[in-house]
Structures are given as C-alpha cells and as structure tokens.
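> The structure follows.
2 protein chains.
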Amino acid sequence: MDSFAERLAAGVRRTKTPTLVGLDPRFESLPEPLTAGLLKTNPIEVASAFESFCKGVIDVVAPLVSVVKPQAAFFEQVGVPGMAALAGTISYAREKGLLVILDGKRNDIGSTAAAYADAYLGPPESSAWGADALTVSPYLGEDSLTPFVEIAEQRGAGIFVLVKTSNPGGGMFQDIEDGEGAVYQHVARQVESLNATSVGASGYGSVGAVVGATYPEQLSELREVMPHAWFLVPGYGAQGGTAADVAGAFDANGLGAVVNNSRGIIFAHAKAPYRERFDALNWQSAVEAATLDMIASLRAETPAGQLV
Amino acid sequence: MDSFAERLAAGVRRTKTPTLVGLDPRFESLPEPLTAGLLKTNPIEVASAFESFCKGVIDVVAPLVSVVKPQAAFFEQVGVPGMAALAGTISYAREKGLLVILDGKRNDIGSTAAAYADAYLGPPESSAWGADALTVSPYLGEDSLTPFVEIAEQRGAGIFVLVKTSNPGGGMFQDIEDGEGAVYQHVARQVESLNATSVGASGYGSVGAVVGATYPEQLSELREVMPHAWFLVPGYGAQGGTAADVAGAFDANGLGAVVNNSRGIIFAHAKAPYRERFDALNWQSAVEAATLDMIASLRAETPAGQLV
Chain A
8 MDSFAERLAA
18 GVRRTKTPTL
28 VGLDPRFESL
38 PEPLTAGLLK
48 TNPIEVASAF
58 ESFCKGVIDV
68 VAPLVSVVKP
78 QAAFFEQVGV
88 PGMAALAGTI
98 SYAREKGLLV
108 ILDGKRNDIG
118 STAAAYADAY
128 LGPPESSAWG
138 ADALTVSPYL
148 GEDSLTPFVE
158 IAEQRGAGIF
168 VLVKTSNPGG
178 GMFQDIEDGE
188 GAVYQHVARQ
198 VESLNATSVG
208 ASGYGSVGAV
218 VGATYPEQLS
228 ELREVMPHAW
238 FLVPGYGAQG
248 GTAADVAGAF
258 DANGLGAVVN
268 NSRGIIFAHA
278 KAPYRERFDA
288 LNWQSAVEAA
298 TLDMIASLRA
308 ETPAGQLV
Chain B
8 MDSFAERLAA
18 GVRRTKTPTL
28 VGLDPRFESL
38 PEPLTAGLLK
48 TNPIEVASAF
58 ESFCKGVIDV
68 VAPLVSVVKP
78 QAAFFEQVGV
88 PGMAALAGTI
98 SYAREKGLLV
108 ILDGKRNDIG
118 STAAAYADAY
128 LGPPESSAWG
138 ADALTVSPYL
148 GEDSLTPFVE
158 IAEQRGAGIF
168 VLVKTSNPGG
178 GMFQDIEDGE
188 GAVYQHVARQ
198 VESLNATSVG
208 ASGYGSVGAV
218 VGATYPEQLS
228 ELREVMPHAW
238 FLVPGYGAQG
248 GTAADVAGAF
258 DANGLGAVVN
268 NSRGIIFAHA
278 KAPYRERFDA
288 LNWQSAVEAA
298 TLDMIASLRA
308 ETPAGQLV
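So the sequence lines, in the order shown, correspond to chains A and B. Be aware that the first sequence starts at 8, since it is given in the numbering used here, and climbs by one per residue. Be aware that the second sequence starts at 8, since it is given in the numbering used here, and climbs by one per residue.
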C-alpha cells in the first residue's frame, strides 16, 4: 500500500481541495428529522442517530473531498454503543473511498503507545478501528511518538502530532520558551526529524502536525520548520479562522495542508447563511452547499487554487 | 456524594495502603488457562479473556487495596468488543467497592474536552463509562483542563494531569525551561491552582498529578509545589522505581499519593520470585502475593507506614 502521505496527496489532487470534513456528532445539534422521538438518555438510540448522521454527511461529501475526521470524544460520550457507531462510521467512510483521520489525541509511554498505534492505524486487516491516521499528543516526548511512527510506516498510515493548537489557552504551555525556541517549535523540529525515513514522491512523510488556523503567523513559520509534514489545520469557521488565515499552511503547489471544518459544514442547516436557504429536512443540501463554499474560499484565497 | 479526593483518602486509610493496581491486559501475557484454545485474531474471544482476567484480578485485590487503574489503550486495541470489556471491568470494580482511575490520557479543546469529561467522569447514573477519575494530558493548556475540573467537581470525580512522566524520553518537552522553571513545573503550578475550589477535609482537591517514580527528586520537589494534589505515581516495579524512590510523593501522614503497579502484580505468575512459587493455574495467588509484598514495601520504606 502507498504511504498515508502519498494517498493524502493523491486525494487532495484528485478532488482539487484540501477541505477536511470533521465528523463531530452532538445530539443537540443533529437535524431534527434524525432525532425526532429519540431519547437523549438512551445510548443505543443516540449512537444510532450519530451513525446515521455521519453516514448521511459522508454520502454528501464523498464526491467532493478526500478526507474526513471523526472526533472520538463525541462517540466515547455515548459509551459502548457510541464506539460501535464510530467503528461503523470509519468503515462506511472507507467504503466510500475517503481517507479517515481519527481525532483521538491519544498517547502514552512505550508499549502502551504501541497499543494505541496498533489499535487505530492501518486498514481493517491490520487494526481494530481501521483509521488511516490518528492525532497524537506530544507531551510524553520522543519515545512516546516513535511507536506510532513505526507502526504508521509499516501500515501505510499516518499521525498528526499536536504542535500549535487553535484554542485561546493553547499557548499556556506550548509557548514556554527557552534559548532554542518555544515548546511548540521544539515539537515541530521533532516532527520534522521523525519524517526523515518516510518522505515520498509528494515531498511529505508519515508524521503530520496539528497547527491551528487561529495562529496565521505561526502557520507560515511552522511550514518552514516542517517542510515534510502534512498539516492538519483546525480552527477554520466556527473558531474564527478564515481561508486567508490558513494560506501559510500550504506549499507553493497547494499541497501540504488539510483544513478542517466540523460544525460549519455538518450543522450548516442551523447556521447562517444556510438556515435561510435550507430547512432541517434538507440538511444534507446545506452540508453540500457549505462544503462547496469552503472549497471555493480555499481555492480563491490560498495556494490550494493551484490544484485546479 | 463525597469528592473523589475524600473518597480516595478514605479508601487509602481503610486499606492502610496507597497501592494502586493497574489493569493492563495483554493477550500474550495472560495466564495460560485464560487463553487456552482462544484465537488472538478473534476480538470477541480476546475481549472476553481480558474481562475475565481483569475480574479475576479484581476479586483478589478488592479486599487489599482501594483503587484500580484500567489502561484504556489495551481495551481499545481490541475494538468494540474491547470497549465492552472495559465497561464490564469498570462496572465490576465499582461493584466490589473499588475506586476506578481510567488511564486514558485524554484531552482536547473546549467543548470536546467537556465531552470527554462527560463520557468518563462520575457514577454510571451520570457518565457513560462510570470512572471515578481519568488521566488527562495538559498540552492544550488551561482552557482544556477547566471543563474536566468543572464536571469532576459536579460529579464527585477527579482527574490526574500528566506532569512528569516516568518514561526515559519524558523530559524532551517536559524539561524545557524558561525563567520561571521547566514546563512540568508550569503544569504543576497550574494543577495546584485548579485545586483552589475543591480542597476538602483531607487537604486534597479534585485535580491530581501524574509524577513518575523514576524521578525521585522531582517527586519531593513537586510535592511542595502541589500540596493539594493527589499524586498518581507510575513507574514502580517493571519500570525500575522502588518503594524508597516514591517516598517523597507522600505527605507526613502517608496520604497524598497512590503508587501504581501493573505488570508486576497482574502478571506476577510469570515473574521472579513468584513464578518459582506459583504455576499459571494459581495465577491469582501470585497476584495476591505480589500485592501483599508491594503493600509491605510501601509500609516499610515510605510515609505510608503511618497509615497502619
């Protein structure tokens, strides 16, 4: 199998967009037709609604984008039935030809990190969950990252290491600075170094970086520090990041970054300007319109325009 | 319900030991009678063996200690059936009167952090998984920690924030130092500050800290920085930490820390000196002997002797 980096490059080129659709099911926000008559307190009903909703989103976006990102937390919130819905969602996305980045921000030490990597990375023949990539936290250091890198490389999978997150308080520890730079810069250099053995024809390796759209200057700076890392850019849309803000995440060919939008796409039916055009029954049309608008914005205002 | 900190203090006082038993099921290490005839490639069989094994450990340790720590990674490695085994293990431990710290090292930003907290923290009436406490990663900063603290306080639950981990490479980012100290010291001060609103009669609050047994000097130093935080101390036994190494984690009354041992207890039947005394059929007797030895060591060599 091709490496994750090559498969992601091929997907972005084929669809001509770096748009990444985040699958963050929240019961209160689901379109009313999907939750009518269901009990919020019944995990089987909630999990079933989550899976139907995510599959409905996937049906709409699979012809438009190449990659989706289920957020593990919302499935875990529904217990074991939620985990079954997550498995069903990942499996359905794969069937539809999408790449799946599971947003689980996992990590642990040594052999436990290897267990997480084994659990999530790689096709269903080799891993329990069948994700193409997983988000990973760096706090535990290099020896917590290498088990992920090894298993990712063996299985054509990838990881995205948290470098500079999009939340207001992200700088509290990430910006602590010694003579060699801030913590996030140390992490960035480590990410680049972990890519040494896996850079393919696209110019990218198995180890990506999470860098928030809410820090436009750092996106450009970190693009220089990690020339071989795919960026996963959260914070577009609901968190305030614009297409112009994420321009620095790309290379000159419009590759090198995927830009996530969760609520702004999946719950578009309840948000301006889409709620004026679509009612809850037509929530999938709202998803489609919001996805197409994001694709157009990224083409107009970032190097992703080079893909067309 | 009493706060987690008070319940943990009561449990440690009642059992007269800070011994925390880690439930890290690994198929290859399970006692042979539990895996005979099972297929490693069949997740239902593996998950069933994990649950039987964990329940068997719980049966032995419930009269001896007050708290257990399932490691989420090993259950996640077995997919949805593994998650059902985790749920069954947590539920069984609660029935037996044990406190449950789920080792999941979760975190995310804002409302996603709240989803993780809602998922894991609190009794089964209020959370899907029913853990008393959860380990949490600090990389995303204060606004990723406060949703956990709020939900923990509401539900009489707790969190343990990674401060100084026990692995060899833990210092790579945790030891980066600015004029106000190392990253782990910044995190420690934040932990102490988050306890401001929840310190109870025991002197401890809802926000604990993970500090590795492999760093004895930092244990004492961090005990001073976080006088109101329960410590979860990994790294005892298999990772090289001794009872003398963890002495600095306790307060003068022998409270303030729980010391984890996973492999050294649960797989004792396969390790010296227990493998000479117990065969695989008597693996539970080996678990009991290893637990009693750890209890005795901590009483002899740490302030936990004050509990007796």
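Glycine included, each C-beta is placed from N, C-alpha and C at the ideal position. Just so it is clear, the structure is predicted and the values come from calculations on it, not from any experiment.
Residues bridged to L147/A by DSSP?
Taking the first sequence and counting its residues from 1, the one referred to as residue 147/A is at position 140. L147/A is not bridged to any residue.
> Shorter than 8 Å from the beta carbon of S98/A to some beta carbon of chain B?
For the purposes of this step, residue 98/A is identified with residue 91 of the first sequence, where counting begins at 1. Not closer than 8 Å to any Cβ of chain B, the Cβ of S98/A fails to qualify, so no.
> Would you kindly report the start and end of the unbroken alpha helix (DSSP H) that includes P50/B?
Against the second sequence, residue 50/B aligns to sequence position 43. Per DSSP, P50/B belongs to the alpha helix (DSSP H) from P50 to V68.
> Could you check whether A275/B and A303/B sit closer than 8 Å to each other, using their CB atoms as the reference points?
Working through the second sequence from its first residue, we reach residue 303/B at position 296. Working through the second sequence from its first residue, we reach residue 275/B at position 268. In this structure, A275/B does not lie closer than 8 Å to A303/B by Cβ.
> Would you verify that the beta carbon of N49/B is, or is not, closer than 8 Å to some beta carbon of chain A?
Reading the second sequence from its first residue, position 42 is the one you call residue 49/B. Chain A contact via Cβ: absent.
> Between F1/B and A195/B, what straight-line distance do the alpha-carbon atoms span, to the nearest angstrom?
Nothing can be reported for residue 1/B: it is not among the residues displayed for chain B, which extend from 8 to 315.
> What does L169/B touch in chain A if you count any residue whose Cβ is under 8 Å from its own?
Translated into the one-based positions of the second sequence, residue 169/B becomes position 162. The answer, in chain order, is Y146 and L147.
> Under 8 Å between beta-carbons, which chain B residues line up against F238/A? List them in chain order, please.
Walking along the first sequence from the start, residue 238/A turns up at place 231. Those within 8 Å of F238/A in chain B number zero; the least Cβ separation is about 17 Å.
> Evaluate A43/B with the Cβ neighbour count: other Cβ atoms within 10 Å of its Cβ, from every protein chain shown; 16 or more gives buried, anything less gives exposed.
Taking the first residue of the second sequence as position 1, residue 43/B is located at position 36. Answer is exposed; the Cβ neighbour count stays below 16.
> What residues match up with I97/A in a beta bridge as DSSP calls it?
Residue mapping note: residue 97/A aligns to position 90 of the first sequence, counting from 1. In the DSSP output, where bridge partners are listed per residue, I97/A has none listed.
> With 8 Å as the threshold, decide whether the Cβ of M90/B is near any Cβ in chain A.
By one-based count along the second sequence, residue 90/B stands at place 83. True, the Cβ-Cβ gap to chain A drops below 8 Å.
> I want to verify the contact list: residues of chain B whose CB lies under 8 Å from the CB of S173/A, in sequence order.
Position 166 of the first sequence, counting from 1, holds the residue named residue 173/A. Correct list: I116.
> Does the beta-carbon of D9/B have 16 or more other beta-carbons within 10 angstroms, so that it is buried, or is it exposed?
Residue mapping note: residue 9/B aligns to position 2 of the second sequence, counting from 1. Classification for D9/B: exposed.
> Could you pull the start and end residues of the beta strand (DSSP E) that R284/B belongs to?
What you label residue 284/B is simply residue 277 of the second sequence in a count that begins at 1. Unbroken run through R284/B: none, as it is neither H nor E.
> If you draw a straight line from the alpha carbon of A208/B to that of F82/A, how long is it in whole angstroms?
For the purposes of this step, residue 208/B is taken as residue 201 along the second sequence, with counting starting at 1. For the purposes of this step, residue 82/A is taken as residue 75 along the first sequence, with counting starting at 1. Roughly 37 Å separates the two Cα atoms.
> Taking C-alpha atoms, which residue in E184/A, L109/A and F180/A lies nearest to F167/A?
Within the first sequence, residue 167/A is the residue found at index 160, counting from 1. Looking at the Cα atoms, L109/A is the closest of the given residues.
> D300/B by DSSP, collapsed to three states: which one?
The residue labelled residue 300/B in the question sits at position 293 within the second sequence. Three-state DSSP puts D300/B in a helix.
> Is N267/A helix, strand or coil by DSSP?
Within the first sequence, numbered from 1, the residue matching residue 267/A stands at position 260. In the structure shown, N267/A sits in a strand (DSSP, three-state: E or B).
> Is D150/B near the ligand MN, going by C-beta to nearest heavy atom under 7 Å?
This structure lacks the ligand MN; in fact it carries no ligand of any kind.
> Enumerate in chain order the residues of its own chain whose CB-to-CB distance from V315/B is below 7 Å, with the five nearest sequence positions on each side excluded.
Along the second sequence, read from residue 1 onward, the residue named residue 315/B stands at position 308. These residues qualify, in order along the chain: K23 and R306.
> Residues of chain B with CB closer than 8 Å to the CB of Q84/A, please, in chain order.
Taking the first residue of the first sequence as 1, we reach residue 84/A at position 77. Those within 8 Å of Q84/A in chain B are A122, Y123, D125, A126 and A135.
> Using 8 Å as the threshold, is the segment 64-79 of chain A in touch with the segment 37-53 of chain A, meaning 3 or more CB pairs across them?
The segment 64-79 of chain A, when compared against the segment 37-53 of chain A, does not touch it at the 8 Å Cβ threshold.
> The alpha helix (DSSP H) spanning A79/A covers which residue range?
As a working mapping, residue 79/A is identified with position 72 in the first sequence. Segment A79 to E83, the alpha helix (DSSP H) holding A79/A.
> So, under 8 Å CB-CB, A126/A and P154/A are touching, yes? Tell me the CB distance rounded to an integer number of Å.
Here residue 126/A is taken as the residue at index 119 of the first sequence, counted from 1. Here residue 154/A is taken as the residue at index 147 of the first sequence, counted from 1. Wrong, their Cβ atoms sit about 12 Å apart, outside the cutoff.
> Beta carbon of V217/A, beta carbon of L27/A: below 8 Å?
Counted from its first residue, the first sequence places residue 217/A at position 210. Counted from its first residue, the first sequence places residue 27/A at position 20. Contact: no.
> How many Å lie between G219/A and S269/B at the Cα?
For the purposes of this step, residue 219/A is identified with residue 212 of the first sequence, where counting begins at 1. For the purposes of this step, residue 269/B is identified with residue 262 of the second sequence, where counting begins at 1. Rounded to the nearest angstrom, the two C-alpha atoms are 37 Å apart.
> Leaving out five residues on either side along the sequence, give the residues of the same chain with a beta carbon under 7 Å from the beta carbon of A120/B.
The sequence position of residue 120/B within the second sequence is 113, counting from 1. Within the same chain, A120/B has close Cβ partners N114, S151, P154 and F155.
> Can you pull the chain B neighbours of G177/A, defined as C-beta to C-beta under 7 Å?
Within the first sequence, the letter at position 170 stands for residue 177/A. Under the 7 Å cutoff, chain B gives L147 and G148.
> How would you write the range of the alpha helix (DSSP H) that F180/B sits in, first residue to last?
Within the second sequence, numbered from 1, the residue matching residue 180/B stands at position 173. Start and end: G178 to Q181.
> First and last residue of the beta strand (DSSP E) that includes T26/A?
Within the first sequence, numbered from 1, the residue matching residue 26/A stands at position 19. Its beta strand (DSSP E) spans residues T26 to L30.
> Any residues in the segment 60-81 of chain B with a beta carbon nearer than 9 Å to a beta carbon of chain A? Which ones, in chain order?
So the list reads Q78, A79, A80 and F81, given in the order they occur along the chain.
> Taking only three categories from DSSP, how would you classify E184/B?
Within the second sequence, the letter at position 177 stands for residue 184/B. Strand.
> Is it true that the CB of R162/A sits closer than 8 Å to the CB of G215/A?
For the purposes of this step, residue 215/A is identified with residue 208 of the first sequence, where counting begins at 1. For the purposes of this step, residue 162/A is identified with residue 155 of the first sequence, where counting begins at 1. No, Cβ-Cβ distance for G215/A and R162/A is not below 8 Å.
> Mapping the DSSP letters down to three states, classify I273/A as helix, strand or coil.
Working through the first sequence from its first residue, we reach residue 273/A at position 266. DSSP places I273/A in helix when its eight states are reduced to three.
> Quick one: grab the DSSP three-state call for I158/A.
The residue given as residue 158/A occupies position 151 in the first sequence. Note: I158/A maps to helix in three-state DSSP.
> What are the residues that DSSP puts in a beta bridge with Y243/A?
Residue 243/A sits at position 236 when you count from the first residue of the first sequence. DSSP lists G248/A as partners of Y243/A.
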